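If you count by mature numbering (1 follows the signal peptide of the UniProt record, and there is no 0), then the sequence shown holds residues -35 to -1, 1 to 1140, one letter each, in order. Ideal Cβ placement from N, Cα and C applies to all residues, glycine included. Here the structure is a predicted model, which is why all the values come from computation and not from measurement. A quick write-up on the structure given underneath.
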Amino acid sequence: MRSISSTTIISACIATATLLSASVGTLAISATASAESTSTNTAITLNDLADSSSAQQRWISEPTSRIALNPSHSQTDDAKPTSDDSLDTVFYTNQDKKTADNVVRNSFTDTAQASTTATAYDEGDATPALSDDFGPSDEGSWTATNGKGSISFVDNAGIVAPSGGDTWVGFGRSVTFDAAAKPIIMVTVASTTGKWALKINDGSSDTNLQNDTDATGTFAYDLSDFGISGSKAYTIKIFSSNSGTTTFKSLSIHARPAQSDDFTQTSIKDWMTNVQSNNGATISQADSGLGATIRSTSSSNFGAVAKAFTVDLSKTPILTVAVNSLSAGSKWALKLSGANGSGDFAIIQNDADRSGVFSYDLQSMTGKTGEQTFSVKLFSTQSALPTSFNVTRLSFHSIDYWTQNPTDYVNTWNPQSLDWKGSYGDSGSYSTQDLFVDDATVSRLIDPTSLSDGNPTLTGNFTGTVSWNPPDRVLTINNGDAYTRAVAFPASATVSFYDSQADASMGADGSSTPTATSQTWLAIMPNDQKSAIGLGYAYDTTAQARTDAAKSAVGGTKVDTVVAALASRVKEWSEFLNKVPAVGDYSLHVTDYQGTSQSEIRAMYYRAFVDLRQTVVPPQPESGISHYQVATGKAATYNGGSSRNKASASWDSLLGIDYLAYTDPEYAWDSFIGMMADVQSDGNLNGESLPSRKAQTAWMLYSVTGDKDKLRQVYSAVKAHMTWSSKNLAWNIASHYPGSGVPASDERDLEFVASLAVDLGYASKIAATLGETEDVSYFTDVQKNLSSEFSQWFFKDGKAVQYYWTSKADATYDQRKGSAQYVATGLHMPNLSSGEVAALMTRFDEEYDPSQQFAGLASDAVKAPDIQFVAYGLLEQGKATEAETVLEEVLRDVVRTHEFSEVYQAGATDSSGKQAEPISRGESPTTFGMAQVIDNLWILNGYRSDEGTPTFVRLREAQGGVSGLTYMGKTFSISNSGSEITLSGDVTSIPGTCTQYGQTVAVSYPISFTCGTIALSGTSVEAGKSLVVTGARYTPSTVADLYLGDLRIASATVDKNGAVRFNAVIPSDTATGRHTLRIQNGDITAQAQFDVTASRPGSGGGNSGGGTSNGGKTNAAGGKVSEPKAGQATDASAGASVHTGGSAVSPMLWMLGIALSIIGAGGTIAMRQYRMAIK
């Protein structure tokens, strides 16, 4: 055996003396919890999570699928319930996110054919005076009126060209109408190689509506502006001039819409540029003088202008926009926002590169009815800069619907499906469910059982290159976006195609096969049986990809297959819920609920775990890596991570990985390994640089799973990144200096420095575990240096600040102060001085206010990793009340938002003092919000997961516990009785596991493996006679020693089950009185007391080990079975007593006793002489 120096022995013993012991118990639910406790602590079911509220989330996914349903389209747009249950999708391909909007929508028809043929060009007029699309039926209506030339009708367009030496030609069509009732003439010109013009003749003379122009697009003319009125026969004349050919697409004469804007010089002035997302965008008169040009030069690749409108969406729900002349590489988009152009609340048109006339049903798309005031926001987007497009007409109008919106509807989110039920008056109702049939197939299952007449009628939008396969009834769509999607219909459906959603709603000009201009399909589904529409997806745009997507879509139409898939999803997610660690207490003890409840908190907690699993993205091998990702938000827009993990922010995603490890460790490990594979040779993790939590994540994964091989696999990348991070201590995108000229590389951010210092502690633990002793010293030295720099950088004249700039050492306190919440993360910094703690608490106290939302810390914003550090720091600084308040109030207010978001903010307070509901901001849905709910609840119930090694903390008011946790691959549970925390479960099979903690409020107790058990065959014995001593939970196949006080009296080998037995003879010279027997097995110990009733004459009374009875239970042999109970462990080097099992033992004697047991049973030691010597 290797010899051990006395110095080494004592150091080891001092470390051991800080560990705690405990006794076995079961999960206990507080008897003082509110009446709701009973319902919130029964087993969770999918029905408990079903959410039909207006605040429900509308996205779902599967961890093995590249598809997510209903993604967010911006940081301010989280998908919401709609009356038509419109479904959007996102597909992950080569580290990019490709969205498709309005893939399928619900409606209803009570007739097989539409009663009107109005088109979008008629702006909702069901009885236009003329609606000419230059089709075959219109061919005989146009005759030459001026000059020589021809008009030909090709693909629903009228092509006008002069001939015979003439440079211009005109054709006319006679229409009888009332110009006062139908004053709008709208013409669409697709192209011209010369110029074109438009006139009207009232029987006596021509009136120029449009002089010669080369502008193309859609243009509207109000005859009242030209003094034209009266009911008579008019001739409408179209001209092509300048020796050119002009293609006319449509011409309509119809009623004036409720509101319109033709972007004249006057109306352009009403468009605002001081709006959210403007980014310097401008609006000006188009060069042609017709319409406006919206232009963006922003490096953000988008800019917007907006105009406010007040519209009755019940009467005029349709917004029609005419767009043309996009510059090369440009796209355009449309959103709705608040009246001042801020607070976008609906994406109406995502980035589009097509021109034309587009109509949108705002009532269906927003769920809003009645009079509404909002801004229409037009974006010029993409690159290369500058981007621009022309817009010539915007109008709000009614529609003569063929398809009907429901009179009432209910959307319901479930982990396994998105459900909807719509009612249609006397016709009854039908329901749909969206679900994953497999990883590449989504189906909308339609149940018409409750319809008495009429048919479910579904529509969907598409753009790009399409192919229609009539035998298989499948539409395959390719947008050139590196993936293919397909829509398949059952044989029982009647399918037709339209140029727009609005045309489909009116049943206008449908065709049985898609045309070059088709953008919407419509399917009338059967009303006497269940049916399904299948959506298939495949990576790539090859022939094989098209085949695969079509095959998946067709499979999604088979009702039996879909019903079986739904049952499988129900089973999958029910089983998953059983894997989620169960929390014992969802109640708030120190703060008001303010409208939320234990049930809502509980549902949000389980939904956090569901969303964590659903935010997993499967491997995308086309990007050069075959690992899963825990995305920042699978349904969020974030895509700024490292090159092969773009969806994963190296902060947000790490928190998700930490908690996913408890339910899906395979996904968690694989995601982390994949992320660290992007660490470059210099240690940089390319992409957005964020505060370091990498070593912590590695340590937590190892602690949960016990997988040392995977820990070693990521170690080199973790070490390299720690080194890089120590030289890059701020965000890499931009400096926060309140001015210009300071690069990001000059910035030192307290949030980054504190996070790295803490992370270096985890790196040291990893290095020690892997036997990398030199690296332990390296990480410790870097942490010490960082602590020193922390003291220098972030305490301006004794005041705590967030920022320091190496090139601006003279920056003022106001410039450097930053956010109080971010500064307060420094409370978790290791090695703080008392002065630094005081300065940090002063900044915390500036904003801390328990009467406010988020405890007053969210005047700007709060986010999970910062609130975590604030709470941990408060606990470590002994601020238990503040910690419990922050944890409860942040939990409460996150739940009140109903969203898992990147950041949260307190609601605004109006002039009357009333505060609005809390706000969620930034990316959504994200892992930050999910982690916040989980971590807060666990700490409030007594468990800190952040240490990796299970750590227990009891707060003053909190009770409950957490069951189903994992350490080193073994499950365990804790119960928090309100006075102590009890550990139970498989983890107690680890030798020496202590089971009771938390005797002191707010003290964090790491799990300890120093507790064995001991049982005596009797409670008293005469000196010189024997006792049978047994114990359990010791290290198998090692030697355990039995001590009487500090005298070793026996040794024995622990059996394979961790049990040991001694036949101990009590020395004949032992004094009468109370004595202590102690089993020592390495660091594992247990002790029990007994009485010596008689001793050798002359030995006198005495106490070996001293102390009082520890209250163990008496066994059948009359002895006591005692579980050592954790006490207050104080610094042994200061000469304090170490209490174990209720007896007070001199620290030096106790430690040296352990030291001798470490030397082992093989040595020959004169115990009595040793005992005398140390006296």
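Item: Can you tell me where the beta strand (DSSP E) with N693 in it begins and where it stops?; Value: Looking at the DSSP string, N693 is not in any beta strand (DSSP E), and its letter there is neither H nor E.
Item: Mind checking if T556 is an interface residue toward chain D, Cβ cutoff 8 angstroms exclusive?; Value: Included in the structure is just one protein chain, with no chain D present.
Item: Applying the criterion that 16 or more other CB atoms from any shown protein chain within 10 Å of the CB defines a buried residue, is A823 buried or exposed?; Value: buried
Item: If you reduce the DSSP assignment to three classes, tell me which class F427 lands in.; Value: coil
Item: Report buried or exposed for S394, applying the criterion of at least 16 other Cβ atoms within 10 angstroms of its Cβ.; Value: buried
Item: Taking DSSP as the reference, what is the three-state secondary structure of V519?; Value: helix
Item: By the DSSP assignment, the beta strand (DSSP E) with K197 in it spans what residues?; Value: S196 to S206
Item: With 16 other CB atoms within 10 Å as the buried threshold, where does G1118 fall?; Value: With a pLDDT of only 38 at G1118, under 50, the local geometry of the prediction cannot be trusted, and no value is derived from it.
Item: Using a 10 Å radius around the Cβ and a threshold of 16 neighbouring Cβ atoms, would you call residue 1141 buried or exposed?; Value: Past the boundaries of the shown model lies residue 1141; the chain is included only from -35 to 1140, so the question cannot be answered.
Item: Residue range of the alpha helix (DSSP H) that G501 falls in?; Value: It is not in any alpha helix (DSSP H) - G501 instead sits in the beta strand (DSSP E) that spans S496 to Y504.
Item: If we ignore side chains and look at the alpha-carbon of each, how far apart do N604 and A997 end up?; Value: 54 angstroms
Item: Could you check what DSSP says for V669 in three-state terms: helix, strand or coil?; Value: helix
Item: Taking the beta carbon of I150 as the centre, do at least 16 other beta carbons fall within 10 Å, making it buried, or is it exposed?; Value: buried
Item: Do you know how far the Cα of K599 is from the Cα of A269?; Value: 27 angstroms
Item: Suppose the cutoff is 7 angstroms on Cβ atoms and the five residues either side in sequence are ignored; what does the same chain contact list for V1019 look like?; Value: Y999, T1000, P1001, S1002, T1003, A1005, V1025 and N1046
Item: Going along the chain, which residues of its own chain have a beta-carbon closer than 8 angstroms to the beta-carbon of L735, five neighbours each way excluded?; Value: K673, L676, R677 and Y680
Item: Give the straight-line distance between the Cα atoms of D316 and K296, rounded to the nearest whole angstrom.; Value: 6 angstroms
Item: Roughly how many angstroms lie between the CA atoms of S646 and I9, to the nearest whole one?; Value: 47 angstroms
Item: Report the three-state DSSP secondary structure of E847 (helix, strand or coil).; Value: helix
Item: To the nearest angstrom, how far is the alpha carbon of E888 from that of Y869?; Value: 10 angstroms
Item: Have a look at the DSSP bridge pairing and note the partners of E712.; Value: W770
Item: Hey, how far is the Cα of W903 from the Cα of T953?; Value: 20 angstroms
Item: Have a look at W161 and S249 and give me their C-alpha separation to the nearest angstrom.; Value: 23 angstroms
Item: At which residues does the beta strand (DSSP E) containing G321 begin and terminate?; Value: G321 to D326
Item: Take D252 as the anchor and find which of G245, S363 and S290 has the nearest alpha-carbon.; Value: S290
Item: Mapping DSSP to helix, strand and coil, what is I731?; Value: helix
Item: Terminal residues of the continuous beta strand (DSSP E) containing V528?; Value: From DSSP, V528 is part of no beta strand (DSSP E) but of the alpha helix (DSSP H) over V524 to K544.
Item: If you draw a straight line from the alpha carbon of D90 to that of P28, how long is it in whole angstroms?; Value: 48 angstroms
Item: Residues bridged to W161 by DSSP?; Value: T178 and S205
Item: In whole angstroms, what separates the C-alpha of G838 from that of K63?; Value: 41 angstroms
Item: Spell out a yes or no on whether the segment 120 to 136 and the segment 201 to 209 are touching, meaning 3 or more CB-CB pairs, one atom from each, closer than 8 angstroms.; Value: yes
Item: I want to know whether the segment 538 to 549 touches the segment 584 to 591 - three or more CB-CB distances under 8 angstroms.; Value: no
Item: Return yes when the Cβ of S991 is within less than 8 angstroms of the Cβ of N1028, no when it is not.; Value: yes
Item: With the cut-off set at 8 angstroms, would you say A804 and K764 are in Cβ contact?; Value: yes
Item: Quick check on the DSSP output: the alpha helix (DSSP H) that includes E811 runs from which residue to which?; Value: S799 to E812
Item: Where does N379 land, buried or exposed, given buried means 16+ other C-beta within 10 angstroms?; Value: buried
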